[in-house]
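A.B. asks: Sharing a structure here in structure tokens format.
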Amino acid sequence: MSIVVNGILKEFGQQKALDQVSFDIKSGEIVGFLGPNGAGKSTMMKIITGLLAQNEGNVEVCGLSNEDLSKEYRRKIGYLPEHNPLYLDMYVKEYLQMVAGLYKLSDIKNRVKEMVALTGLELEQNKKIGTLSKGYRQRVGLAQAMIHDPEVLILDEPTTGLDPNQIIEIRNLITSVGKEKTVMLSTHIMQEVEAICERVIILNRGKIVADSPSSQLSNLKGESEIIINIELDKSIDISQFSSIDGILGIDAINPSTYSIKCEPNKEIRPQLFQLAVDQNRVIFGLSQKEQGLEGLFHELTKNN
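This is how it looks when you write it as structure tokens:
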């Protein structure tokens, strides 16, 4: 296992930020680490990287314990924190050379060149970091996290504040890197998790409430509820839908569009068509989908 977390307890005064958290991550996995604000995600990541000490429990990375925080332990990990702490007055290449020097790499020049190419910083390498866009600063942060060729990457909100194009670029970079390394990724962007993560761990109030391969997430809540969106040419009284068996709830998205939550394995679309005919309405659109990761996340953490 690349990461083994066993019975971690972390307290800040009377508050338990992490309450007996245990999980392990295999070599080569890309794992999404999710949870609402204040769930303990960043705290857990800082404990794994050695920036915080736990009150109880233990962590192992590539077979090494975090108890002594040896140089060998730290070299196994590359870390990109949520608030990327860069030296804004340094040039990109100069900064990466400094980081490489701190790790005492033998061929600094070539390693920096490799990282610049891998993260797409060729045109930016001779610019001051402070002049870069947020997207390129994140690339610099990823380059510094990977420059010593760690086996494990811990990425805390790597796409926060990026525009859609930058998100796709960083996502593709993480996917590429994840082919050779173990990646633990914290994010609030559910599409990101669904796109690149093989497994999802959801944390709520300091405890794990879900741990599953991405392909099996729908099984966590049993049979998934079905969401049907229907758009009509004119509004209709919501009470008219009450005659249809299998509807669990309904919300008006706008005066003529409704989101209907249905029981699983319950086909209500023919009844919706008949209702539209009876009410002299025209259906402009009808779509059906199962509850996705976003809905599951809400269900598991809504008591927060």
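When you number the sequence shown by this note's numbering, it's gap-free, plus one each residue, and the end is 286. Glycine included, each C-beta is placed from N, C-alpha and C at the ideal position.
Under DSSP, the beta strand (DSSP E) around tyrosine 240 begins and ends at which residues?
C.D. replies: 239 to 244
A.B. asks: Let me know if valine 259 comes out buried or exposed under the rule of 16 or more other beta-carbons within 10 Å of its beta-carbon.
C.D. replies: exposed
A.B. asks: Could you tell me the boundaries of the beta strand (DSSP E) in which asparagine 147 lies?
C.D. replies: For asparagine 147, no beta strand (DSSP E) encloses it; the enclosing alpha helix (DSSP H) starts and ends at 146 to 159.
A.B. asks: With a threshold of 8 Å, are at least 3 pairs of Cβ atoms found where one atom belongs to the segment 233 to 253 and the other to the segment 174 to 191?
C.D. replies: In short, these stretches do not touch, since the Cβ pair count stays below three.
A.B. asks: On a CA-only basis, which of Gln256, Glu249 and Asn262 is nearest glutamine 270? Give me that one, please.
C.D. replies: Glu249
A.B. asks: Have a look at Asn66, Asn154 and Met80 and flag the residue whose alpha-carbon is nearest the alpha-carbon of glutamine 120.
C.D. replies: Of the candidates Asn66, Asn154 and Met80, the one whose C-alpha sits nearest the C-alpha of glutamine 120 is Asn66.
A.B. asks: So the candidates are Ser194, Gly60 and Val3; which of them puts its Cα closest to the Cα of isoleucine -10?
C.D. replies: Val3
A.B. asks: In chain order, what residues of the same chain lie with their CB nearer than 6 Å to the CB of glycine 204, ignoring the 5 residues before and after it?
C.D. replies: Because glycine 204 carries a pLDDT of 49, less than 50, the predicted location of this residue cannot be relied on, and the following value inherits that uncertainty. Once the five neighbours on either side are set aside, glycine 204 has no close Cβ partner at all.
A.B. asks: Mind checking whether phenylalanine 15 and lysine 23 have CB atoms under 9 Å apart?
C.D. replies: yes
A.B. asks: Does the segment 126 to 141 come into contact with the segment 80 to 87, if we say contact requires no fewer than three beta-carbon pairs (one atom in each stretch) closer than 8 Å?
C.D. replies: yes
A.B. asks: Going by the DSSP bridge assignment, what does alanine 192 pair with across the sheet?
C.D. replies: In the DSSP assignment, alanine 192 forms a beta bridge with Ile184.
A.B. asks: I'd like the span of the alpha helix (DSSP H) that includes aspartate 260, first residue to last.
C.D. replies: Run containing aspartate 260: 251 to 260, per the alpha helix (DSSP H) assignment.
A.B. asks: I need the DSSP call for methionine 128, collapsed to helix, strand or coil.
C.D. replies: helix
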